[in-house]
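Chemist: Each protein sequence line maps, in turn, to chains F and P. Take the first sequence: its letter number 19 is residue 19 in our numbering, and every next letter is one higher. Take the second sequence: its letter number 328 is residue 1328 in our numbering, and every next letter is one higher. After the C-alpha cells below, expect a handful of questions from me.
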Amino acid sequence: MAEALAIDVHGLTKRFGSKLAVDHVDIAVPQGEVWGFLGPNGSGKTTTIRMLCGLLRPDDGNGTCIGYDVRTEAEAIKRNVGYMTQRFSFWEDLSVKENLDFVARVYELDNREQRVAKMLDRLGLEKRQDQLAGELSGGWKQRMALGACMLHEPKLLLLDEPTAGVDPEARRQFWEQIHTLSERGLTVLVSTHYMDEAERCDRIVYILNGKVVTRGTVAEVIKQSGLITFVVRGDNVRHIADKLRHERGVEYVAFFGAVLHVSGHDRHALEQALTPYRQQFQIEEEQPSLEDVFIQLQEAAA
Amino acid sequence: MRAFSLRRLTAVLVKEFIQMRRDRLTAAMVLGIPVLQLLLFGFAINLNPKNLPTAISIDDPGRFGRSVVAALHNTSYFEIIEQTNSPVRARRLLDEGRVSFVVEIPVDFTRSIVRGSKPSLVIEADATDPASGSYALAAFNSLATTALRDDLVGPLAARAQGPPPFQLITHLLYNPESVTQYNIVPGLLAIILTMTMVLLTCLALTRERERGTYENLLAMPATPLEIMLGKIAPNIVIGAIQSSIILLVARYVFGVPMLGSFVILGVGLIVYIVALLAVGYTFSTIAENQLQAMQMTVFFLLPSILLSGFAFPFKGMPTWAQWLGEVLPATHFLRVVRGVLLKGNGWTETWPEIWPLLLFLTVVSTVAVARFRRTLD
Chain F
1 MAEALAIDVH GLTKRFGSKL AVDHVDIAVP QGEVWGFLGP NGSGKTTTIR MLCGLLRPDD
61 GNGTCIGYDV RTEAEAIKRN VGYMTQRFSF WEDLSVKENL DFVARVYELD NREQRVAKML
121 DRLGLEKRQD QLAGELSGGW KQRMALGACM LHEPKLLLLD EPTAGVDPEA RRQFWEQIHT
181 LSERGLTVLV STHYMDEAER CDRIVYILNG KVVTRGTVAE VIKQSGLITF VVRGDNVRHI
241 ADKLRHERGV EYVAFFGAVL HVSGHDRHAL EQALTPYRQQ FQIEEEQPSL EDVFIQLQEA
301 AA
Chain P
1001 MRAFSLRRLT AVLVKEFIQM RRDRLTAAMV LGIPVLQLLL FGFAINLNPK NLPTAISIDD
1061 PGRFGRSVVA ALHNTSYFEI IEQTNSPVRA RRLLDEGRVS FVVEIPVDFT RSIVRGSKPS
1121 LVIEADATDP ASGSYALAAF NSLATTALRD DLVGPLAARA QGPPPFQLIT HLLYNPESVT
1181 QYNIVPGLLA IILTMTMVLL TCLALTRERE RGTYENLLAM PATPLEIMLG KIAPNIVIGA
1241 IQSSIILLVA RYVFGVPMLG SFVILGVGLI VYIVALLAVG YTFSTIAENQ LQAMQMTVFF
1301 LLPSILLSGF AFPFKGMPTW AQWLGEVLPA THFLRVVRGV LLKGNGWTET WPEIWPLLLF
1361 LTVVSTVAVA RFRRTLD
C-alpha cells in the first residue's frame, strides 16, 4: 500500500487579478515528514499555504489535505490543521494564557484547562502565562503562536516563516520542537528563508514565480542542479568579482563572507575564466551549497 | 540642525499627499458625503411644517361644520386624513401618533351658531413636541373670524360682525406646559445610543484586520454568526447601563414625566440597542480601515438626528424624507420612548414601532453575515 499522504494536491493555481500568484503547484507530503517550503519573497509560498489550510479558494487544481478536499471541505481542514501565520496574529492585548484559552474554546476542546496548562508547561511559557502577548519578545511570541496552533492536536502543521526575526537559540529550540512533533507522527510544512533550516527538513520544495522548480532532499536538489561551484579565497577577492561576472560560463558570483563563490554549469569555461587568478588566489572546486543552487535558480529566472 | 526646515516639512507634506491620493475610497467619502448631506438635509428640513396630519371628529350634519373643515384645509397647515363621528376613535389616532391634531366639531354645531349660543370648537394637539405645532395652532386661532365669513349671509349677516360666532379651545395633550426638555431629553436617549452603540461595534472587524488577527480568526473554526453575536453581546450591557444613566438624569434632573411601563420601554430599548450594534458591526464588515468605519458611522448618525423627528418635526418633512426617516431605527425608537414616557403608551400603541426595529435588525444582520467572508479571497 502506498504511503499515506498528509498533503496531496495537484495543479493548485491562484490568480490575483491578472497576476498568477501560484501556477499549477503539485505537492505530496507523506505523513510524519517535515518539508521545507522555500522560494524568494513573492514567489507564492504564503498563497500556497493559505490554499492548503482553507483560507483561500484555489482557482484551479484539486487535492486533499489530511484527507479533506481543499476545494469543498475548507471548514474540516481548518479544524484539523494547525496554521501559523507569517505575521504574529494573536491578540496582543490578551495574556498568553488568555490567548490559549480562547483558541481552546473556539476549537471546543475537552479538558480545556489541563490542555492549556500542559501546553504552557511544554513550551516553558508557564512563568509568562499572565504576560500580555504584545509584551513578549519575538522568540516568545513565536513559541506562543506555535503552542496555540498545536493546542487542538492537528495532524498537519502549516508554518509560514515561523522563525523570521527570531534569535538563533530560539530558532534551534523551535526546530527541536518540530522534530519531536514529527517523531510522533505529525506532518509539517514550513516555509523559510534560512538554509540551515532547509537542511533540517526531510525534503524541500523550491518555488519561483508561482512554479515549483526543484524538490527533493537537500542532496538531491544540489545534485539535480548540476551546478559547479569554485570557491575563491585570498586577500582582496572583492576586486575580481565584477570582472568574473562578465566572463563566459560564469552564471553568478556571490560573496560568502571573505570568500567568493563562482558558479556555472560549464566546467571547462569556468576553469578558463578562473585561470588568470590562480596565481594570486587559492581556488578550489567545492560542492555547491543549497544557497548557491537557489541563487543560481533565481538569477537564471531573472 | 535648524529648528524648522521647510525641506523637512515638504518631505512630510509630499508623503501625506501621496498617501491621501492612494486611499481613493476614503477621499471620495470625505468629498462626496458632505455634498450628499447638504442636499439631503437642505431639502428635507422644514421649520414651518405644513400639512400636519389631522383627524376631525364631527357630529354635525349642518353646513357650518363642513365650512370649518374646508377652512382648516385651506390654511394648508392641516391635512385631514380622517373624519369620524367617534371622538374615541379620533383620540386613539392621536395616542398612536398617527395624527398631530384632533379637531372636534360638536353636536349641533350649525344649529348652535344659528341660535347664537357660541358653540366651542376644540382642537387637541399632541404637544410632545411643542415647537412643531405652534404655527398650525396659530393658524387655527385665526379660523374664528375667517371660517364662516362666506356662510354668514342673509339673516345671519349680523353674526359676521362683532365677536366670533364660536369659541376656539386648544387642549395641549401629553405635555400641557409645553416643556421642551420633556421632548428633547427622551429624544436624546435615542440619539446618544445611536452615536455610542454604532461606534462600539464599527471597529469590531476593521481592528482585527488592521492588527493582522483577522487571518487567525478565519483560520479557526468559528462561524460568521458566532463571531457577530460574540462581538455584539457584551456591548448590550454597556448600552443598558448607558440607558439607565440617561433615564435617571431625565427623571431626576429634568423631571421628565414617566407615565408608561418600564417593561415596554425596556423591550424597546433592547431591540433598539441590538439593532444599532448590528449596524456598527455591518459597517465593520464593509469598511477597509478604521477611518472608513468612522465615516460610515457619521453618515448614519446625521440622518438619525435630522430625519428622525429628533431635531425637526418629522411630519413637516417632504414625503420622500419621511420614507427615509422611516427606515432609521432612531425614528421608531423616538416614538417608542416619547410615547411610553409622555403618553403612557401600552403594547398596542408601541408594537407598530417595535416590529420595524426588528425588521431592520434582521435585514442588517443578514447583510453582516453575508458580507463576512470565510476566506481571504
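Backbone N, C-alpha and C define an ideal beta-carbon position, used for all residues, glycine too.
Exposed or buried, which one is P:R969 when buried takes at least 16 other CB atoms within 10 Å?
Modeler: As shown, chain P starts at 1001 and ends at 1377. That puts residue 969 of chain P outside it, with no answer to give.
Chemist: Can you pull the chain P neighbours of F:Y107, defined as C-beta to C-beta under 8 Å?
Modeler: Sequence index remark: in the first sequence, residue 107 of chain F carries index 107 (1-based). Ordered by position in chain P, the residues that pass the 8 Å Cβ test against F:Y107 are M1220 and P1221.
Chemist: Please list, in chain order, the residues of the region 1187 to 1211 of chain P that have any C-beta partner in chain F closer than 8 Å.
Modeler: Correct list: R1211.
Chemist: Just tell me which of P:P1106, P:F1333 and P:R1022 has its CA closest to the CA of P:I1361.
Modeler: Position 361 of the second sequence, counted from the first residue, corresponds to residue 1361 of chain P. As written in the sequence, residue 1361 of chain P is Leu, which differs from the Ile given in the question. Among P:P1106, P:F1333 and P:R1022, the Cα nearest to that of P:L1361 is on P:F1333.
Chemist: Inspect the CB distances between the region 1199 to 1206 of chain P and the region 1283 to 1292 of chain P and report whether three or more fall short of 8 Å.
Modeler: At 8 Å Cβ cutoff, the stretches touch.
Chemist: Contact between the region 1086 to 1099 of chain P and the region 1052 to 1068 of chain P is defined here as three or more beta-carbon pairs at a separation below 8 Å; is this criterion met?
Modeler: Yes, they touch.
Chemist: Whole angstroms is fine: what's the gap from P:P1352's alpha carbon to F:E126's?
Modeler: Numbered from 1 along the second sequence, position 352 holds the residue referred to as residue 1352 of chain P. Numbered from 1 along the first sequence, position 126 holds the residue referred to as residue 126 of chain F. Approximately 57 Å between the Cα atoms of the pair.
Chemist: List in chain order: all unbroken alpha helix (DSSP H) runs of 4+ residues lying wholly within the region 1167 to 1224 of chain P.
Modeler: 1180 to 1202, 1204 to 1211 and 1213 to 1219, all fully within the region 1167 to 1224 of chain P.
Chemist: Leaving aside the five residues before and after F:G216 along the sequence, list all residues of the same chain whose C-beta is less than 8 Å from its C-beta, in chain order.
Modeler: Stepping through the first sequence from its first residue, residue 216 of chain F is reached at position 216. Result list for F:G216: R203, I204 and Q224, in chain order.
Chemist: Reducing DSSP to helix, strand and coil, say where F:A2 ends up.
Modeler: Taking the first residue of the first sequence as 1, we reach residue 2 of chain F at position 2. Low local confidence applies: a pLDDT of 49 at F:A2 is under 50, so the model's placement there is unreliable, and no value is given.
Chemist: Looking only at its chain, what residues have a beta carbon closer than 8 Å to the beta carbon of P:L1137, apart from the 5 residues adjacent to it on each side?
Modeler: The residue labelled residue 1137 of chain P in the question sits at position 137 within the second sequence. Only I1123, A1125 and T1170 meet the Cβ criterion.
Chemist: Return the CA-CA distance between F:Y83 and F:D160, expressed in angstroms with no decimal places.
Modeler: Sequence index remark: in the first sequence, residue 83 of chain F carries index 83 (1-based). Sequence index remark: in the first sequence, residue 160 of chain F carries index 160 (1-based). So the alpha carbons of these two residues sit roughly 8 Å apart.
Chemist: Taking all protein chains shown into account, decide if P:T1010 is buried (16 or more other Cβ within 10 angstroms of its Cβ) or exposed.
Modeler: As a first step, residue 1010 of chain P is located in the second sequence; it is residue number 10 there, counting from the start. Exposed.
Chemist: Just checking, does the region 1341 to 1351 of chain P make contact with the region 1259 to 1275 of chain P on the three C-beta pairs under 8 Å criterion?
Modeler: Yes, they touch.
Chemist: Is F:M84 helix, strand or coil by DSSP?
Modeler: If you number the first sequence from 1, residue 84 of chain F lands on position 84. The answer is strand: DSSP assigns F:M84 an E or B state.
Chemist: Name the residue from P:G1065, P:S1076 and P:I1236 whose alpha carbon lies nearest to the alpha carbon of P:T1084.
Modeler: Indexing the second sequence from 1 puts residue 1084 of chain P at position 84. Nearest option by C-alpha distance: P:G1065.
Chemist: In terms of alpha-carbon separation, which member of P:P1034, P:D1151 and P:A1330 lies closest to P:L1189?
Modeler: Your numbering for residue 1189 of chain P matches position 189 in the second sequence. Considering only alpha carbons, the answer is P:A1330.
Chemist: Restricting to Cα atoms, I'd like to know which of F:L274, F:I228 and F:A74 is closest to F:M246.
Modeler: Walking along the first sequence from the start, residue 246 of chain F turns up at place 246. Just to set this straight, residue 246 of chain F is His in the shown sequence, not Met. Among F:L274, F:I228 and F:A74, the Cα nearest to that of F:H246 is on F:L274.
Chemist: Could you work out which residues of chain F lie near P:L1376, taking near to mean beta carbons separated by less than 9 Å?
Modeler: What you label residue 1376 of chain P is simply residue 376 of the second sequence in a count that begins at 1. In chain order: R50, L55 and L56.
Chemist: Pull up the distance between the alpha-carbon of F:A2 and that of F:L157, whole angstroms please.
Modeler: The sequence position of residue 2 of chain F within the first sequence is 2, counting from 1. The sequence position of residue 157 of chain F within the first sequence is 157, counting from 1. Caution is warranted here: a pLDDT of 49 is assigned to F:A2, below 50, making its placement in the model unreliable, and the coordinate value is therefore given only provisionally. Computed Cα separation, rounded: 22 Å.
Chemist: For P:V1369 and P:P1224, which I take to be in contact (beta-carbon distance under 8 Å), what is that distance rounded to the nearest angstrom?
Modeler: Walking along the second sequence from the start, residue 1369 of chain P turns up at place 369. Walking along the second sequence from the start, residue 1224 of chain P turns up at place 224. Confirmed, Cβ separation roughly 5 Å.
Chemist: Candidates F:E73, F:D60 and F:N99: which alpha carbon is nearest P:T1213's?
Modeler: The residue given as residue 1213 of chain P occupies position 213 in the second sequence. It is F:N99.
Chemist: Short of 8 Å in beta carbon distance, which residues of its chain neighbour F:D130, apart from the five on each side in sequence? Order them along the chain.
Modeler: The residue given as residue 130 of chain F occupies position 130 in the first sequence. Answer for F:D130: S95, V96 and K97, listed in chain order.
Chemist: Among F:F281, F:D266, F:V253 and F:G257, which has the Cα closest to the Cα of F:Q298?
Modeler: By one-based count along the first sequence, residue 298 of chain F stands at place 298. For the residues F:F281, F:D266, F:V253 and F:G257, the minimum Cα distance to F:Q298 belongs to F:V253.
Chemist: What did DSSP end up calling F:Y68 once you bin it into helix, strand or coil?
Modeler: Locating residue 68 of chain F in the first sequence gives position 68, counting from the first residue. In the structure shown, F:Y68 sits in a strand (DSSP, three-state: E or B).
Chemist: Under 9 Å between the Cβ atoms of F:A6 and F:C65?
Modeler: The residue you call residue 6 of chain F lines up with position 6 of the first sequence. The residue you call residue 65 of chain F lines up with position 65 of the first sequence. Yes, these two residues count as a Cβ contact at 9 Å.
Chemist: Taking DSSP as the reference, what is the three-state secondary structure of P:V1099?
Modeler: Here the question's residue 1099 of chain P lines up with position 99 in the second sequence. Of the three classes helix, strand and coil, the one that applies to P:V1099 here is coil, per DSSP.
Chemist: Helix, strand or coil for P:K1015, going by three-state DSSP, please let me know.
Modeler: Counting from 1 along the second sequence, the entry for residue 1015 of chain P is found at position 15. Reduced to three states, the DSSP call for P:K1015 is helix.
Chemist: Can you round the beta-carbon distance between F:G304 and F:H10 to whole angstroms, since I take them to be within the 8 Å contact cut?
Modeler: Since the displayed chain F opens at 1 and closes at 302, residue 304 of chain F lies outside it and no answer follows.
Chemist: By Cβ distance, which residues of its chain are closer than 7 Å to F:E291, with the 5 residues on each side in sequence left out?
Modeler: Position 291 of the first sequence holds residue 291 of chain F. So the qualifying residues of the chain are M195.
Chemist: Answer yes or no: does any C-beta atom of chain P fall closer than 9 Å to that of F:A301?
Modeler: Your numbering for residue 301 of chain F matches position 301 in the first sequence. Taking Cβ atoms only, chain P never reaches closer than 9 Å to F:A301, which makes this a no.
Chemist: Could you tell me whether any Cβ in chain P is nearer than 9 Å to the Cβ of F:T85?
Modeler: Position 85 of the first sequence holds residue 85 of chain F. Yes, contact with chain P.
Chemist: Going by the beta-carbon positions, is the gap between F:L56 and F:D93 smaller than 9 Å?
Modeler: Mapped onto the first sequence, residue 56 of chain F falls at position 56. Mapped onto the first sequence, residue 93 of chain F falls at position 93. No, Cβ-Cβ distance for F:L56 and F:D93 is not below 9 Å.
Chemist: Less than 9 Å between the C-beta atoms of F:V25 and F:V188, yes or no?
Modeler: As a position in the first sequence, residue 25 of chain F is number 25, starting the count at 1. As a position in the first sequence, residue 188 of chain F is number 188, starting the count at 1. No.
Chemist: Looking at the structure shown, is F:F37 part of a helix, part of a strand, or coil, going by DSSP?
Modeler: Position 37 of the first sequence, counting from 1, holds the residue named residue 37 of chain F. Strand, per DSSP.
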